[in-house]
Every structure is written in C-alpha cells, then in structure tokens.
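First comes the structure, then the notes that go with it.
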Amino acid sequence: MALQVKFGVSSWLWTSPFTTASAEPLFAKISAMGFDVVEIAVEDPSLIDAMAVSDALKKYNLKALVCGAFGSTRDLTSADPVVHENCFKYIATCMDFCQQWNTPFFAGPMYSAVGKARMLSPEKRLAEWNLAVTNLRIVCTMAAERNLLIALEPLNRFESDLINTAVDVLRLIDDINHPAAKVLLDGFHMNIEEPDIEAALKLVGDKLIHLQVAENYRGTPGTGQTNWAAYHRGLKAIGYNGTISIESFTPDNKELSEAVCIWHPLAESQDIFAAEGLQFLKKWATQ
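Right under this line is the structure:
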C-alpha cells in the first residue's frame, strides 16, 4: 500500500545560511523539481525577511517547514543562564516564522548544542538532562502559546551525548510531560544508532511528526545501503502521513561542511542529488 506522504527538501542541500535572497531562486528550483515542501534551515534569523519569504512560498506553491540550528550559543544544557536566554530568543523568532509561514511545528535538536559529545559522570549527565527537561518545558509553553508543536530530533553519538535514539527521545518527552513535545526522526542518524529501523518507527508511533532522509553516507536516497523496506513498513504501520524531507548539506560552505564532516561532493551536483532523490522516494513510497 502506498504511503500517503508529502515530499520536501532542506535548504541546507544548496545553501548556508538561508537568506531572503536565497528564497526566490531556491524555491523556483525546488517547485520545478516536484517537491511539495521546502524545509528552511534558520541559522541567522536577521538575514530573513519573513514576509518576502512568505510571498515566495505562495508564488511557487510550496509549504514550509522550519528547522533550527543549535550551536554553543544556543545550548539549553549550558551552565550559563545567559546562553539559555539567547536560545529562547532564537527559538521564539523561529516560532514566529512558523506562524507567518503557516508551519505547524518547529523542529531540530534543540535540547543541547550539536557537537556536544563527551564522557560525563552520572551526576553531570543527570544535571544536563534535567536542564534540558526544564528548559524544553518552557519551549513547549512558547509553542503552545502560538498553537505550534516542537519536533525533537535525536542525533548520532558523534554529534550528541544526550539524545541518540527513539528510546532516548521518548524518555525525554515523557519527562517534559507537555503535549506540544513531539518527534522528528532523521534516517542518517537512525542508520547509525537504531538496531531496528522498523521497530524504532513503531515505538515512536503517532509522536512522529516529521522524517528526514538521506542515504547511509548522507548521499542521494536510493544509492547506498539504507534499508528502505524497513522504513516503508514502519511508516505504514504507524499511519504516517506527514512530510519526508531529503536532508543533506552543501559542501560549498566551509563552516557547514566542517560541522557535518562532508569533505567532498556526494553527488554530481546538488540539483541532481535532489531530483534523483525525489524520483527514488516517489517510486519507493508507492510500493
């Protein structure tokens, strides 16, 4: 039975950071390829004119999703409350974008800073966990005030020492205990961390509100070793009908490519990456 899903692609596949000037040419390309959704990665909100982006979305008949970028200055597990406040302000701005673009949730690994991967004592680990829970309750309240949800994304062990698996993120959501807290799963991280993709999807169930995909090596879907049949079975079992977005990264931005360890192009071009990835996903979804 075919999956009833929409298909999206991340702005990170082509550009970093996303800016107002990025919107028109990028959206024209994404729409022409046949995508339904553009996943806008917000790195620097000051570079984005929300109204101009909204106009471009309407012009090219695209829906938007919003994904955050969380570095050391946006770390809800930092020992410094000033860092927390900076993160809250950033999240509030991203949520305002969500409202302006008619996006139902704000997504990303917002529980901690990406790249924060250390061996900690049990006491220190618990302290950071409790900070994440406390601060994410505040984030959930911010979301609920705007009629939004948040989608929390597990990362692989090399990018986070806090939330790596479906089990981890469900435990976090249980501790947050707020109805706005939901889940984003990313196939690249799942291929590293989950022993059973289908089981992980079933475990998350109706808390899954977004799925990002790429190949096991973060390349074009359909060109690697990913167990796509397991994804199909799991998504079908939970009745997932949201968006499946291709997420990978441009190698042309030095800072971004270093952060995600992409040292060379993963396809002949980023356009070919997206177009061939979408072609594969559309065929896969109908199986």
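My numbering numbers the first residue of the sequence shown as -14 and each following residue consecutively.
We treat Cβ as the ideally placed atom computed from N, Cα and C, and that holds for glycine.
Which of the three DSSP states, helix, strand or coil, is assigned to Gly227? Position 242 of the sequence shown, counted from the first residue, corresponds to residue 227. Coil.
How should Phe143 be labelled, buried or exposed, when 16 other C-beta atoms within 10 angstroms of its C-beta is the threshold for buried? Taking the sequence shown and counting its residues from 1, one reaches residue 143 at position 158. With fewer than 16 other Cβ atoms within 10 Å, it is exposed.
Please determine if the stretch 64 to 81 and the stretch 215 to 224 are in contact, where contact requires at least 3 C-beta pairs separated by less than 8 Å. Under the 8 Å Cβ criterion, the stretch 64 to 81 does not count as touching the stretch 215 to 224, having fewer than three qualifying pairs.
Taking only runs that begin and end inside the stretch 21 to 58, name each unbroken alpha helix (DSSP H) of 4 or more residues, in chain order. Counting only unbroken stretches of 4 or more residues, the alpha helix (DSSP H) elements lying wholly within the stretch 21 to 58 are 35 to 44, in sequence order.
State the DSSP-derived secondary structure class of Phe258, mapped to helix, strand or coil. Here residue 258 refers to the residue found at position 273 of the sequence shown. Phe258: helix per DSSP, three-state reduction.
What residues are listed by DSSP as bridge partners for Leu105? As a position in the sequence shown, residue 105 is number 120, starting the count at 1. DSSP output for Leu105 lists no bridge partner at all.
Identify every residue that forms a DSSP beta bridge with Asp171. The count along the sequence shown starts at 1 and reaches residue 171 at position 186. According to DSSP, Asp171 bridges with Gln197.
Excluding five sequence neighbours on each side, which residues of the same chain lie with their C-beta closer than 8 Å to the C-beta of Asp21? Taking the first residue of the sequence shown as 1, we reach residue 21 at position 36. Lys(-9), Phe(-8), Gly(-7), Leu47, Lys48 and Thr228, listed in sequence order.
Let me check one thing: in DSSP terms, what residues is Phe(-8) bridge-paired to? On the sequence shown, residue -8 is found 7 positions in, with the first residue counted as 1. DSSP, once it has assigned bridges, lists Ile229 as partnering Phe(-8).
Going along the chain, which residues of its own chain have a beta-carbon closer than 6 Å to the beta-carbon of Ala8, five neighbours each way excluded? The count along the sequence shown starts at 1 and reaches residue 8 at position 23. Closer than 6 Å at the Cβ level, and outside the excluded window around Ala8, lie Val38 and Ala41.
Go ahead and pull the three-state DSSP assignment for Ser7. As a first step, residue 7 must be located in the sequence shown, where it is residue number 22. If DSSP states are grouped into helix, strand and coil, Ser7 belongs with the helices.
Does the pairing of the stretch 123 to 130 with the stretch 177 to 187 give three or more beta-carbon distances under 8 Å? Judged by Cβ distances under 8 Å, the stretch 123 to 130 makes no contact with the stretch 177 to 187, as fewer than three pairs qualify.
Give the DSSP-derived three-state secondary structure of Phe82 in the structure shown. Locating residue 82 in the sequence shown gives position 97, counting from the first residue. DSSP places Phe82 in the helix class (H, G or I) of the three-state scheme.
Have a look at Glu253 and Leu140 and give me their C-alpha separation to the nearest angstrom. Taking the sequence shown and counting its residues from 1, one reaches residue 253 at position 268. Taking the sequence shown and counting its residues from 1, one reaches residue 140 at position 155. Between Glu253 and Leu140, the C-alpha separation is close to 27 Å.
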